[in-house]
Amino acid sequence: MATLLVKSGGEKAVAEWRSAFQAVDQRFRVHWWEDPAVPPEAVDYVLVWDPQPGWLRSLPKLKVVFSSGAGVDHITRDPDWPRQLPLVRMGGTETEQRMSEYIAWACLSLLREARAFARAQAAGQWLGRDACPSAAGRRVGILGLGNLGRRAAAALQAIGFPVQGWSRSRKDIPGVRSFAGPEELPDFLAGTDILVCLLPSTPETAGLIDARLLARLPPGAQVVNAGRGSHLVVPDLLAALESGQLDGAVLDVFEQEPLPPESPLWAHPKVTVTPHVASLPGRPERARYVAAAIADFEAGRPLPNLYDPERGY
Ligand code: NAP
Ligand code: GLV
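Taking my numbering, the leading residue of the sequence shown gets 391, the next gets one more, and so forth.
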């Protein structure tokens, strides 16, 4: 038997986690994170979102930390997280599929003026147009061509958007022009009409989407942020929308979540806000992913999607 603590979805979600793990492997004892019946030295694995600082370090026999999300910033921001342990990022086809659906929806919403039409409908206005745009005429540039960026690129290409991407290392993806490193960022931005952010939160990517970056996009460009709130400087985005340099944004992630009621983003006519829902795979899918990774680990095979402390993601 192996003891797994979960902190993801709140204590009410534990029963669902337990049956999701039971369905794939009978030998897991699944408990809520703060279950007083589980002594710290009995814990083998944890599956967590935003553990309280210092807690992971207090589990002396912990073998692997599993993040219940693809990003791990909610774990690595704990100054005491046990760096000597493997940290596995959530992955798998469902995570990628859902994000690709969200990015396709966001880019089509921007292309087809969904926010303007929703506002016009609410006001009973017929917002007629002489012609409608097509995906072929709007170039999408994806910041981050990792697990999620690659899958999103394929979905966008299937719709007909020309797609290019920016990452740390050069990629070879059919039909996707690859830009790598800070020196190629300006050229990437100059050819991007819809900028999609699917970067991890690291010191290098913090505040990347600022006034300087936005000014390098063609006038009237649009932004989709489904990476992290830390990537976007919101006052700079608002100023670019005000000046007309930007024409719209779809935002799923924010520095402060839930987005505070006083945020000007809520009611902005050119901004669509979603509540950090771009890619939330189901618990059964995540349990399958974690159980398979533990089986690999215990058989001496490599763990998937490991956090690399050198890269910071
Ligand atoms: P991933 O596979 O690690 O991919 C990250 C990509 O970002 C890689 O292509 C990487 O370049 C690139 N990158 C990292 N730092 C960079 C830098 N300084 N300059 C240029 N490129 C850089 O991660 P993923 O699984 O695709 O997930 C990406 C992020 O999406 C997560 O970290 C999380 O923040 C966010 N996310 C959001 C939601 C949501 O619901 N909103 C859901 C899941 C994930 P290389 O390929 O060269 O390494
Ligand atoms: C969600 O934001 C995740 O990182 O999976």
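Backbone N, C-alpha and C define an ideal beta-carbon position, used for all residues, glycine too. No experiment lies behind these values; they were computed from the predicted model shown.
Is the closest heavy atom of ligand 3 to the C-beta of residue i under 7 Å?
| i | result |
| --- | --- |
| R558 | Absent from the structure shown: ligand 3. Ligands present: ligand 1 and ligand 2. |
Could you say which of the options lies nearest to residue i if we only look at CA atoms?
| i | options | result |
| --- | --- | --- |
| A405 | T393, W422, C587 and R618 | W422 |
| A460 | T483, K453 and G527 | T483 |
| A668 | L588, Q515 and I465 | L588 |
| V428 | E594, A392 and E632 | A392 |
| L402 | R673, F456 and F687 | Here residue 402 is Lys; the residue named in the question, Leu, does not match the sequence. Closest option to K402, Cα to Cα, is R673. |
| T582 | A605, I563, T592 and K561 | A605 |
| G634 | R618, G610 and E652 | G610 |
| S458 | W516, L452 and W439 | W439 |
| L603 | R540, I493 and L575 | L575 |
| P432 | H464, L395 and W556 | One point to set straight first is that residue 432 is Ala, not Pro, in the sequence displayed. Nearest C-alpha to A432: L395. |
| I532 | V436, G444, Q547 and E424 | Q547 |
| S591 | F644, V436, L631 and K561 | F644 |
| K561 | A545, W445, G539 and R505 | G539 |
| L628 | P648, Q646, P651 and W656 | W656 |
| L607 | A596, P625, T595 and L631 | L631 |
| V454 | T466, P564, L437 and A677 | L437 |
| P430 | R417, L452 and A685 | L452 |
| L598 | L622, Q612, S448 and E675 | L622 |
Using the Cβ count rule (16 or more neighbours within 10 Å means buried), how would you classify residue i?
| i | result |
| --- | --- |
| K397 | buried |
| E486 | buried |
| S691 | Going by the sequence as given, residue 691 is Arg instead of Ser. That one is exposed. |
| C497 | buried |
| A601 | exposed |
| S524 | exposed |
| P665 | exposed |
| S409 | exposed |
| G565 | exposed |
| G481 | buried |
| P361 | Outside the modelled stretch of the chain, which goes from 391 to 703, sits residue 361, for which no answer is possible. |
| D642 | buried |
| W516 | exposed |
| R676 | buried |
Per DSSP, residue i is paired with what?
| i | result |
| --- | --- |
| R419 | T393 |
| N615 | C587 and L641 |
| W407 | Note: W407 sits in no beta bridge, so no partner. |
| V667 | Answer is none; V667 lacks a bridge partner. |
| T466 | None; T466 has no bridge partner. |
| V553 | V530 |
| T662 | V640 |
| V438 | K397 and S457 |
| L622 | I599 |
| R567 | Q554 |
| V428 | Bridge partners of V428: none, in fact. |
| V478 | F456 and L696 |
Would you say residue i and residue j are within 8 Å of each other, going by their C-beta atoms?
| i | j | result |
| --- | --- | --- |
| Y697 | L477 | yes |
| I549 | A639 | no |
| A683 | P671 | no |
| D468 | P450 | no |
| M489 | A543 | no |
| R479 | V462 | yes |
| P443 | D470 | yes |
| A681 | V414 | yes |
task: Specify whether the region 585-599 and the region 612-622 touch according to this definition: at least 3 beta carbon pairs, one from each stretch, less than 8 Å apart.
output: yes
task: Could you tell me whether the region 556-565 touches the region 530-545, where touching means 3 or more Cβ pairs closer than 8 Å?
output: yes
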